[in-house]
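Heads up, the thing below is written out as structure tokens.
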Amino acid sequence: MRVGTYTLRLKNHPRIVSGGSAVGKKEGEGPLKNYFDHCFTDTTLGEKSWEKAESDLQQEAVKSVLEKSGIKASEIQYLFAGDLLNQCISSVFGLRSMNIPFLGQYGACSTMAQTLGLAAVFVDSGLAQNALAVTSSHFCSAERQFRFPLEYGGQRTPTAQWTVTGAGAVLVGQKGNVSIEEVTFGRMADLGVKDAANMGAAMAPAAAQTIEDYLKDTGKKPEDFDLILTGDLGQVGSTLLREILNQDGINVERQQNDCGLMVYDRQNQDVHAGGSGCGCSAAVFSSYVLQKIAQGDLKHVLFIGTGALMSPTSSQQGETIPGVAHLVHAAWNPQA
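Numbering (the working numbering), first residue to last: 10 to 345.
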């Protein structure tokens with residue numbers, strides 16, 4: 010059911026059955042270490058390449074989901090998955106053995122919200138009983154593709170963010186204490202940012218636009234939510250988001266937090282402006298946040314995945330970096 014111009018209200022309240030997460034060494038040393046299902050001290054996971062290690066992270070996250078839910082892969086009708094690498098190879102080679110109809114997704118760092126939103130729409134409409142949303146990133150594979158190989162030893166600017174080595178998976182189905190109430194798929198926003206080391210500035214306008222679209226469509230206010238969670242703007246982008254919304258008369262100072270600021274201890278871990286990458290919001294939402302909602306500690310959460318829609322080719326050709334943000338309203342909704 011469409012509400013307003015951009016928002017979909019899911020009348021059948023599809024449920025998040027379970028979530029799974031797997032992260033690397035740096036993430037396993039951060040503030041959320043006790044909430045992740047798997048923390049690997051070897052970021053290669055015993056593989057010969059960073060890309061293969063990232064595929065393994067997706068497999069581990071999905072295994073956790075299936076074990077918790079008691080649902081078999083054969084009972085899942087659709088698999089929505091994506092990552093940061095060309096042609097989504099982490100998802101393809103990580104999940105190819107599952108034998109589930111596969112819909113590859115690319116929304117950059119907004120991919121977790123995009124896959125989760127689509128999975129919820131498919132379950133709500135009756136097209137699927139169970140649908141799986143999976144996303145990942147790896148610091149080393151992302152640096153090699155988007156910036157410089159690690160061997161180059163390039164210096165990082167203060168606005169740079171640290172790509173999370175991690176994966177998150179969420180199963181949407183018929184049972185569970187967390188329901189998905191609404192989804193807003195965002196429009197692209199481009200304010201002309203060209204700096205590939207300042208993703209927060211590129212994505213903040215899109216996050217603000219999607220939040221404003223949702224609030225206008227539904228008539229709700231920031232205070233209706235316990236948490237407005239962006240992922241992942243980092244410190245620079247979070248500050249810009251609040252400034253943009255304040256200019257439009259919307260104050261989210263009390264409710265807003267960012268996955269890129271939650272996953273690391275910026276005082277003691279050298280991550281500059283915070284975390285980023287597909288796996289950042291995926292790992293944070295599918296672990297800490299999902300557990301808090303399921304327990305009733307958080308009643309209503311707006312999860313806004315933010316993505317910078319760039320490629321090495323577009324950056325080398327002098328293009329700007331458009332942003333996009335997708336929103337999912339998750340709520341504590343215990344079943345009788």
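Cβ coordinates follow ideal geometry from the N, Cα and C atoms, glycine included.
| message | I'd like the list of long-range same chain contacts for alanine 292, defined as Cβ closer than 6 angstroms, with 5 residues on each side in sequence excluded. | response | Ser30, Val32, Gly175, Gly177
| query | Measuring CA to CA, which of Leu336, Asn186, Ala215 is closest to lysine 308? | reply | Asn186
| Close beta carbons around glutamate 232, own chain, < 8 angstroms, minus the five adjacent residues each side | Arg263, Gln264
| task | Just the C-alpha distance for isoleucine 259 and proline 343, rounded to the nearest angstrom, thanks. | result | 30 angstroms
| Going by the beta-carbon positions, is the gap between valine 143 and glutamine 67 smaller than 7 angstroms? | yes
| Given 8 angstroms as the limit, is there contact between the segment 298–307 and the segment 182–200, that is, 3 or more CB pairs closer than that? | yes
| query | Could you give the residue range of the beta strand (DSSP E) that holds threonine 120? | reply | Premise fails: threonine 120 lies in the alpha helix (DSSP H), 120–134, not in any beta strand (DSSP E).
| message | Our contact map puts glycine 182 next to valine 26 with C-beta atoms below 8 angstroms; I'd like the distance itself, whole angstroms only. | response | 4 angstroms
| query | In its own chain, which residues sit with a C-beta less than 6 angstroms from the C-beta of phenylalanine 111, not counting the 5 before and 5 after it? | reply | Leu88
| request: Spatial neighbours of arginine 251 within its chain, please: CB distance less than 7 angstroms, with the 5 preceding and 5 following residues excluded, ordered by chain position. | output: Val261, Glu262, Gln265
| said: If I measure Cβ to Cβ from cysteine 257 and keep anything under 8 angstroms in the same chain, skipping five residues before and after, which residues do I get? | reply: It should be pointed out that residue 257 corresponds to aspartate in this sequence rather than to cysteine. Here the set comprises Ala217, Glu221.
| query | Roughly how far, in whole angstroms, is the beta-carbon of glycine 283 from the beta-carbon of tyrosine 273, given that I think they are within contact range, below 8 angstroms? | reply | 7 angstroms
| query | What are the complete alpha helix (DSSP H) segments, minimum 4 residues, inside the segment 297–342? | reply | 299–303, 321–325
| task | Classify glutamine 265 as helix, strand or coil using the three-state DSSP reduction. | result | strand
| query | Taking C-alpha atoms, which residue in Ala70, Thr52, Val71 lies nearest to alanine 62? | reply | Thr52
| message | For methionine 212 and glycine 332, I'd like the C-alpha separation in whole angstroms. | response | 5 angstroms
| alanine 137 and serine 324: beta carbons closer than 7 angstroms? | no
| So what does DSSP say about phenylalanine 148, is it helix, strand or coil? | helix
| query | For phenylalanine 111, which residues does DSSP report across the bridge? | reply | Leu88
| Option nearest histidine 335 by Cα separation, candidates Ser320, Phe312, Gly327 | Phe312
| query | Who are the near neighbours of proline 108 in its chain, counting only those whose CB is closer than 8 angstroms to its CB and skipping five residues on each side? | reply | The sequence given here places asparagine at residue 108; proline does not occur at that position. Within the same chain, asparagine 108 has close Cβ partners Ala82, Ser83.
| task | Quick one: give me the first and last residue of the alpha helix (DSSP H) that arginine 251 is part of. | result | 243–256
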